[in-house]
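Here's the structure, in structure tokens; my notes come after.
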Amino acid sequence: MKSFKRFLLLAIVASLAVFAAACGNSNNNGNGTTEGASAEGTAAADGEELEGSVVIDGSGTVYPFMSVMAEKYMTEAQEGVSVEVSRAGTSAGFKKFLVENGTDFNNASRTIKDEEKAEADNLGLDVHEMKVALDGLTIVINPENDWAQELTKEEIIDIFLAEGNKQKWSDVRSDFPDEEIKTYGPNENHGTYEFFWEKILEEKDLAEGTNLQQEYSTLVDLVSKDKNAIGFFGYGYYASNTDKLTAVKVDFGNGPVEPSLDTIAEDGDYADFTRPVFTYLNTNLAKEKPQVLDFAIFTMQNAQTISSETGFAPLTDDEIKAAVEELEGLK
């Protein structure tokens with residue numbers, strides 16, 4: 051009898067705990083959404099089961115963020131929806147997005163260009179910009195490079211500019227080795243290349259012989275095997291390969307700054323090399339396919355968590371709240 055009473059008491063306590071947890075999940079999380087909605091997505095929160103597919107292409111920089119987001123959505127929110135994420139690159143992705151029956155989303159590590167907006171208008175496509183996180187352009191070197199771990203912004207620009215004429219490390223500083231510099235970066239398909247070329251190099255020619263690659267994994271491998279290498283890409287690819295690469299601390303005028311989730315900010319110490327990253331939503335398709343809009347809302351509700359997990363600095367609570375409200379307004 052005593053054992054039965056003890057079992058009954060434990061059962062009652064367990065039931066109360068479940069009820070309390072359920073109530074606690076309805077508390078506001080400061081982002082203008084509830085914890086329950088953040089984890090489940092709006093349709094799931096309403097008990098609606100969705101089906102169909104969501105097709106995403108574009109930026110290789112944003113790919114890790116969006117692939118983790120897709121997995122979270124399919125496993126925690128809508129098991130009946132298939133989310134496919136590819137990484138053709140920002141510009142190549144827009145070519146797949148801005149066509150009849152194109153992709154639902156295009157990830158981008160730059161803003162949409164005027165000519166791309168014009169193409170959307172010609173096709174009658176309503177494109178909605180979704181800022182999802184902040185990325186820090188990261189300059190990487192081989193771990194055996196013990197002389198260029200700190201560089202000024204101007205030295206980095208000169209290394210990658212054709213007119214900088216820095217062919218050897220000793221051309222950068224006289225006490226650096228008399229060895230040929232090997233420059234690496236993503237190719238023209240990528241928004242990271244465009245950001246670097248347009249914003250950092252001010253659209254001037256890259257140093258002759260710069261090795262440009264489509265795949266970021268290839269760049270990581272090349273720099274990790276070349277003592278005289280220096281390359282650039284998004285912070286996330288460095289953060290997941292710290293055993294193979296060293297991030298250069300950049301002096302923007304007030305001392306060297308190491309890229310990190312603490313320094314990457316539009317108004318922070320690493321601001322000169324900080325950029326927002328995006329995904330662009332085809333609003334026409336979002337209105338036709340409920341799973342597409344639901345995934346968009348889910349993405350913004352979970353953007354802060356996934357950002358930190360994949361090497362991006364998260365947006366503010368206010369930015370998230372405004373973005374979710376905009377998407378809710380598309381219903």
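Here my numbering is used: the first residue of the sequence shown is 51, the next is one more, and so on. Even glycine gets a Cβ: it sits at the ideal position worked out from N, Cα and C. Please read these numbers as outputs of a predicted model, since none were measured by experiment.
{"Item": "Residues in the same chain with beta-carbon distance under 7 Å from D322, minus the five sequence neighbours each way, listed in chain order, please.", "Value": "K203, F302"}
{"Item": "Given a threshold of 16 other Cβ atoms within 10 Å of its Cβ, counted over all protein chains shown, does D319 qualify as buried or as exposed?", "Value": "buried"}
{"Item": "By Cβ distance below 6 Å, which residues in the same chain neighbour A120 in space, the five residues on each side in sequence not counted?", "Value": "V133, V135"}
{"Item": "Ordered along the chain, which non-local residues of its own chain (more than five positions away) have a Cβ less than 7 Å from that of L251?", "Value": "I207, F210, L211"}
{"Item": "Is it a yes or a no for the region 176-190 touching the region 330-349, going by three-plus beta-carbon pairs under 8 Å?", "Value": "yes"}
{"Item": "Secondary structure at G286, three-state DSSP: helix, strand or coil?", "Value": "helix"}
{"Item": "Report the residue from D228, E265, M124 whose alpha carbon sits nearest the alpha carbon of G108.", "Value": "E265"}
{"Item": "Could you check what DSSP says for P340 in three-state terms: helix, strand or coil?", "Value": "helix"}
{"Item": "My understanding is that E375 touches V118, with C-beta atoms under 8 Å, so please give their C-beta distance in whole angstroms.", "Value": "Between V118 and E375 the Cβ distance is about 24 Å, and since that is not below 8 Å, they are no contact."}
{"Item": "Three Cβ pairs or more, each shorter than 8 Å: is that satisfied between the region 292-306 and the region 184-202?", "Value": "yes"}
{"Item": "To which residues of the same chain is Q354 closer than 6 Å at the C-beta, ignoring the five residues directly before and after it?", "Value": "P364"}
{"Item": "Need the endpoints of the beta strand (DSSP E) that Y320 sits in, please.", "Value": "From DSSP, Y320 is part of no beta strand (DSSP E); its letter is neither H nor E."}
{"Item": "Return the residue from the list Y330, G361, M350 that minimises the CA-CA distance to A315.", "Value": "G361"}
{"Item": "DSSP on V374, reduced to helix/strand/coil?", "Value": "helix"}
{"Item": "For S159, which of helix, strand or coil comes out of DSSP?", "Value": "coil"}
{"Item": "Which residue wins for smallest C-alpha separation from E369, given the options L380, K381, N352?", "Value": "N352"}
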